[in-house]
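Asker: First the structure, which I've put down as structure tokens, then a few questions once you've had a look.
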Amino acid sequence: MAVDISVSVQAEGFDPGVEYSRLRNENYSDGATSMFVGNVRDFSPTALLGFPEASLDETGGRQSVTVLELEHYPGMAESALTDIARQAAARWPLGRVRIVHRYGPLNAGEEIVFVGATSTHRQDSLDACAFIMDFLKSRAPFWKKEVGEPGDLGTWVEARSSDEKALKKW
Amino acid sequence: MAVDISVSVQAEGFDPGVEYSRLRNENYSDGATSMFVGNVRDFSPTALLGFPEASLDETGGRQSVTVLELEHYPGMAESALTDIARQAAARWPLGRVRIVHRYGPLNAGEEIVFVGATSTHRQDSLDACAFIMDFLKSRAPFWKKEVGEPGDLGTWVEARSSDEKALKKW
Amino acid sequence: MIKVLFFASLREQLQRDGLEIEAAGLTSVTQLRSKLAEQGATWQSALSNEQLQVALNQKLSTMDAAIQDGDEVAFFPPVTGG
Amino acid sequence: MIKVLFFASLREQLQRDGLEIEAAGLTSVTQLRSKLAEQGATWQSALSNEQLQVALNQKLSTMDAAIQDGDEVAFFPPVTGG
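Chains as they are written, first to last, in our numbering: chain W, 1 to 170; chain C, 171 to 340; chain L, 341 to 422; chain P, 423 to 504.
If you want it as structure tokens, here you go:
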């Protein structure tokens with residue numbers, strides 16, 4: 001049975017509840033649905049990487065991120081995500097796979113990415129989500145820039161060696 | 171920071187989209203949300219365990235399950251799920267944990283269980299969901315009975331050794 | 341008194357969801373189990389299942405756990421939720 | 423012609439999102455990269471970044487990959503989506 005793979009790269013927001021319904025609609029054979037959603041945080045992730053001083057502002061507070069700008073490579077972004085979904089489907093018996101990734105300016109709290117996978121076995125669907133996120137982080141052409149204040153030129157987010165390392169377990 | 175743990179054991183259905191919103195509402199610090207949903211399949215899981223003959227009906231088709239009856243131990247069900255969520259929160263830096271488990275008669279396709287966890291790191295939230303589901307399957311007092319036809323006395327689902335084995339990896 | 345509960349297939353086999361029993365002389369789950377098994381062949385058979393699990397005061401426990409007056413003891417087959 | 427694209431910080435450093443260049447004499451990504459670097463100090467510096475990644479016809483590739491007329495080659499820093 002062919003795996004049902006659906007990928008969207010879009011500026012618009014998405015509703016994880018609607019994405020869940022899409023994974024489940026008329027799907028009576030897969031008992032397991034796993035989902036991952038990535039959201040914009042309201043402070044720089046560098047604060048969590050053991051360099052808190054790098055993200056302290058002049059008042060000693062955490063440097064807040066009001067907008068995250070996501071740049072992407074149109075065309076390649078879609079094909080890279082589809083390719084990652086196909087690799088997951090080749091490793092685990094999945095029913096449906098859905099990936100949504102946004103680009104453009106995103107506010108704190110907004111959804112950036114959705115990954116969902118259905119399967120007959122829970123661990124397969126969970127592993128597929130982890131695998132897709134790991135490869136998406138290091139192989140899909142998206143770039144994040146943190147912008148604190150209006151007019152601020154922003155700071156490109158540095159790639160994390162932990163993300164590249166995460167691929168080694170697969 | 172105390173982890174926000176919420177557990178519901180209920181007969182009513184639930185909406186994974188609403189559960190997602192509950193995990194995210196005013197939550198700007200956790201960039202990662204992982205969720206698992208278990209649904210009633212329309213055929214006996216024994217068909218998937220290498221014993222297809224056990225679930226073939228007289229026409230040679232898969233034995234369909236029209237209703238799943240879920241029995242639970244009131245009181246202990248809630249405390250067992252809360253205890254499992256606390257164990258997960260002790261192992262990974264989680265922001266919020268939500269578990270919903272239904273009881274009573276459930277039709278094919280309906281949601282049985284929801285597990286969601288937020289964290290600053292994606293793998294922590296995914297691992298927490300996997301951990302909670304593994305312990306829930308083997309330690310929370312719920313029992314499934316498959317009922318094929320109205321009037322059918324039903325068949326209690328046998329515990330799977332693979333579920334007990336899944337605990338060993340934690 | 342000890343409150344005893346049965347769930348799932350065990351409840352169906354015994355055709356009851358529970359009972360209360362005098363705590364006198366019962367100091368462990370094993371003693372309680374033996375005492376209940378004396379009630380007939382059905383009880384003997386249902387309670388001799390090696391897979392039988394036990395919860396003491398709503399926490400998973402073991403057959404050698406000590407019990408006392410006022411405790412709630414539940415017997416059931418391996419759980420299959422989720 | 424070879425279509426060349428730049429993304430993210432590289433696009434900002436070069437102040438352009440791409441260009442087209444004659445394919446004549448360019449048989450590998452490395453050659454293309456060297457040719458582009460000849461355009462000045464900014465290009466030299468931006469393109470010498472060891473972390474630079476390359477996609478050939480919208481697939482991740484390597485610097486020693488062969489290229490030909492009509493190809494699309496994109497240079498960019500390590501990706502940071504998700």
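A virtual CB, placed ideally from N, CA and C, is assigned to each residue, including glycine.
Counting along the chain, where does the beta strand (DSSP E) carrying alanine 496 of chain P start and finish?
Answerer: As a first step, residue 496 of chain P must be located in the fourth sequence, where it is residue number 74. It spans 494-498 - the beta strand (DSSP E) in which alanine 496 of chain P sits, taken as one unbroken run.
Asker: To which residues of the same chain is serine 450 of chain P closer than 7 Å at the C-beta, ignoring the five residues directly before and after it?
Answerer: Position 28 of the fourth sequence, counted from the first residue, corresponds to residue 450 of chain P. Excluding positions up to five away in sequence, the list reads Asp486, Ala487, Ala488 and Ile489.
Asker: Does glycine 38 of chain W pass the burial test, meaning 16 or more other C-beta atoms within 10 Å, or should it be called exposed?
Answerer: Position 38 of the first sequence, counted from the start, is the residue given in the question as residue 38 of chain W. Buried, because 16 or more other Cβ atoms sit within 10 Å of the Cβ of glycine 38 of chain W.
Asker: Rounded to the nearest angstrom, what separates leucine 56 of chain W and leucine 136 of chain W at their Cα positions?
Answerer: Position 56 of the first sequence holds residue 56 of chain W. Position 136 of the first sequence holds residue 136 of chain W. For leucine 56 of chain W, the predicted structure reports a pLDDT of 45, less than 50, and the residue's modelled location is therefore unreliable. A value from the coordinates is still provided. Those two C-alpha atoms are separated by around 29 Å.
Asker: Beta strand (DSSP E) containing arginine 102 of chain W: first to last residue?
Answerer: Position 102 of the first sequence, counted from the start, is the residue given in the question as residue 102 of chain W. Its beta strand (DSSP E) spans residues 94-102.
Asker: Would you mind reading off the limits of the alpha helix (DSSP H) that contains glutamate 434 of chain P?
Answerer: Numbered from its first residue, the fourth sequence carries residue 434 of chain P at position 12. Taken as a continuous stretch (DSSP letters only), the alpha helix (DSSP H) holding glutamate 434 of chain P covers 430-436.
Asker: Report yes if the CB atom of leucine 296 of chain C is closer than 9 Å to the CB atom of glycine 421 of chain L, and no otherwise.
Answerer: Start at 1 with the first residue of the second sequence, and residue 296 of chain C comes out as number 126. Start at 1 with the first residue of the third sequence, and residue 421 of chain L comes out as number 81. Not a contact, by the Cβ cut-off of 9 Å.
Asker: Do you know how far the Cα of phenylalanine 312 of chain C is from the Cα of valine 237 of chain C?
Answerer: Here residue 237 of chain C corresponds to residue number 67 of the second sequence, with the count starting at 1. Here residue 312 of chain C corresponds to residue number 142 of the second sequence, with the count starting at 1. The straight-line gap from Cα to Cα measures roughly 16 Å.
Asker: Which residue comes first and which comes last in the alpha helix (DSSP H) that contains valine 18 of chain W?
Answerer: The sequence position of residue 18 of chain W within the first sequence is 18, counting from 1. Its alpha helix (DSSP H) spans residues 16-24.
Asker: Looking at phenylalanine 415 of chain L: is its Cβ nearer than 9 Å to the Cβ of valine 344 of chain L?
Answerer: Working through the third sequence from its first residue, we reach residue 415 of chain L at position 75. Working through the third sequence from its first residue, we reach residue 344 of chain L at position 4. Yes. Within cutoff.
Asker: Might you give, ordered along the chain, the residues of its own chain that have their beta carbon closer than 7 Å to the beta carbon of glycine 50 of chain W, omitting 5 neighbours on each side?
Answerer: Translated into positions along the first sequence, residue 50 of chain W becomes position 50. Legend: pLDDT at glycine 50 of chain W = 43, less than 50; position of this residue unreliable, value from coordinates given subsequently. Closer than 7 Å at Cβ, skipping near neighbours: no residue.
Asker: The alpha helix (DSSP H) that contains threonine 252 of chain C, what's its start and end?
Answerer: For the purposes of this step, residue 252 of chain C is identified with residue 82 of the second sequence, where counting begins at 1. Threonine 252 of chain C -> alpha helix (DSSP H) spans 246-261.
Asker: First and last residue of the beta strand (DSSP E) that includes valine 310 of chain C?
Answerer: Locating residue 310 of chain C in the second sequence gives position 140, where the first residue counts as 1. Position check: residue 310 of chain C holds alanine in this sequence, whereas valine was assumed. Careful: alanine 310 of chain C lies outside any beta strand (DSSP E) and carries neither H nor E.
Asker: In the stretch 180-195 of chain C, which residues sit with their C-beta less than 7 Å from some C-beta in chain L, listed in chain order?
Answerer: Answer in chain order: no residues at all.
Asker: Between the C-alpha atoms of aspartate 538 of chain P and histidine 291 of chain C, what's the straight-line distance to the nearest angstrom?
Answerer: With chain P covering only 423 through 504, there is no way to say anything about residue 538 of chain P.
Asker: Taking the alpha-carbon positions, what's the glutamine 10 of chain W to proline 186 of chain C distance?
Answerer: Here residue 10 of chain W corresponds to residue number 10 of the first sequence, with the count starting at 1. Here residue 186 of chain C corresponds to residue number 16 of the second sequence, with the count starting at 1. Distance between the alpha carbons of glutamine 10 of chain W and proline 186 of chain C: 23 Å.
Asker: Hey, alanine 80 of chain W and alanine 128 of chain W are a contact pair by Cβ (cut 8 Å); roughly how many whole angstroms apart?
Answerer: One-based indexing of the first sequence puts residue 80 of chain W at position 80. One-based indexing of the first sequence puts residue 128 of chain W at position 128. About 17 Å separates the two Cβ atoms, so there is no contact after all.
Asker: Return the first residue and the last residue of the beta strand (DSSP E) that glutamine 466 of chain P is part of.
Answerer: Residue numbering aside, residue 466 of chain P sits at position 44 when the fourth sequence is read from its first letter. Element bounds for glutamine 466 of chain P: not the beta strand (DSSP E) but the alpha helix (DSSP H), 463-469.
Asker: My output table needs one value for glutamine 473 of chain P: the three-state DSSP class, helix, strand or coil.
Answerer: Walking along the fourth sequence from the start, residue 473 of chain P turns up at place 51. Note: glutamine 473 of chain P maps to coil in three-state DSSP.
Asker: Can you list, in chain order, the residues of its chain with a C-beta nearer than 7 Å to that of arginine 192 of chain C? Leave out the 5 residues immediately preceding and following it.
Answerer: One-based indexing of the second sequence puts residue 192 of chain C at position 22. Closer than 7 Å at Cβ, skipping near neighbours: Arg268.
Asker: Contact defined as beta carbons within less than 8 Å: I believe isoleucine 175 of chain C pairs with alanine 260 of chain C. What is the distance between those atoms, to the nearest angstrom?
Answerer: Position 5 of the second sequence holds residue 175 of chain C. Position 90 of the second sequence holds residue 260 of chain C. About 11 Å separates the two Cβ atoms, so there is no contact after all.
Asker: Leaving out five residues before and five after glutamine 391 of chain L in sequence, what residues of the same chain have Cβ atoms less than 7 Å from its Cβ?
Answerer: Counted from its first residue, the third sequence places residue 391 of chain L at position 51. Answer for glutamine 391 of chain L: Pro417 and Pro418, listed in chain order.
Asker: Are the beta-carbon atoms of serine 349 of chain L and tryptophan 326 of chain C separated by less than 9 Å?
Answerer: For this step, residue 349 of chain L is matched to residue 9 along the third sequence. For this step, residue 326 of chain C is matched to residue 156 along the second sequence. Yes, Cβ-Cβ distance for serine 349 of chain L and tryptophan 326 of chain C is below 9 Å.
Asker: Below 8 Å CB to CB, which residues in the same chain sit around leucine 436 of chain P once its five sequence neighbours on both sides are set aside?
Answerer: In the fourth sequence, counting from the first residue as 1, residue 436 of chain P sits at position 14. Counting only Cβ-Cβ distances below 8 Å, and skipping sequence neighbours, we find Phe428, Thr464, Trp465 and Ala468.
Asker: Closer than 8 Å to a non-hydrogen atom of the ligand ADP - does that hold for the CB of glutamate 378 of chain L?
Answerer: As far as ligands go, the structure on display features none, and thus does not contain the ligand ADP.
Asker: Could you tell me which chain P residues have their CB closer than 7 Å to the CB of glutamate 71 of chain W, listed as they occur along the chain?
Answerer: Taking the first residue of the first sequence as position 1, residue 71 of chain W is located at position 71. By Cβ distance, chain P contributes Phe429 and Ala430.
Asker: Consult DSSP for isoleucine 443 of chain P and reduce its assignment to one of helix, strand or coil.
Answerer: As a working mapping, residue 443 of chain P is identified with position 21 in the fourth sequence. In this structure, isoleucine 443 of chain P counts as strand in the three-state DSSP scheme.
Asker: Under 8 Å by Cβ, that's how I've got aspartate 304 of chain C and tryptophan 340 of chain C pegged, so tell me the actual separation to the nearest angstrom.
Answerer: Start at 1 with the first residue of the second sequence, and residue 304 of chain C comes out as number 134. Start at 1 with the first residue of the second sequence, and residue 340 of chain C comes out as number 170. About 7 Å separates the two Cβ atoms, so the contact holds.
Asker: Give the secondary structure of leucine 219 of chain C by DSSP, where H, G and I count as helix, E and B as strand, and everything else as coil.
Answerer: Reading the second sequence from its first residue, position 49 is the one you call residue 219 of chain C. Unreliable placement is indicated for leucine 219 of chain C, whose pLDDT of 45 sits below 50; the coordinate value is still reported in the next sentence. Coil at leucine 219 of chain C, not helix or strand.
Asker: Residues of chain W with CB closer than 7 Å to the CB of leucine 337 of chain C, please, in chain order.
Answerer: Counted from its first residue, the second sequence places residue 337 of chain C at position 167. In chain order: nothing, as chain W lies at least about 12 Å away.
Asker: Pick helix, strand or coil for isoleucine 424 of chain P, following the three-state DSSP scheme.
Answerer: Taking the fourth sequence and counting its residues from 1, one reaches residue 424 of chain P at position 2. Correct three-state label for isoleucine 424 of chain P: strand.
Asker: From leucine 337 of chain C to arginine 438 of chain P, what does the alpha carbon distance come to, in whole angstroms?
Answerer: Walking along the second sequence from the start, residue 337 of chain C turns up at place 167. Walking along the fourth sequence from the start, residue 438 of chain P turns up at place 16. Distance between the alpha carbons of leucine 337 of chain C and arginine 438 of chain P: 54 Å.
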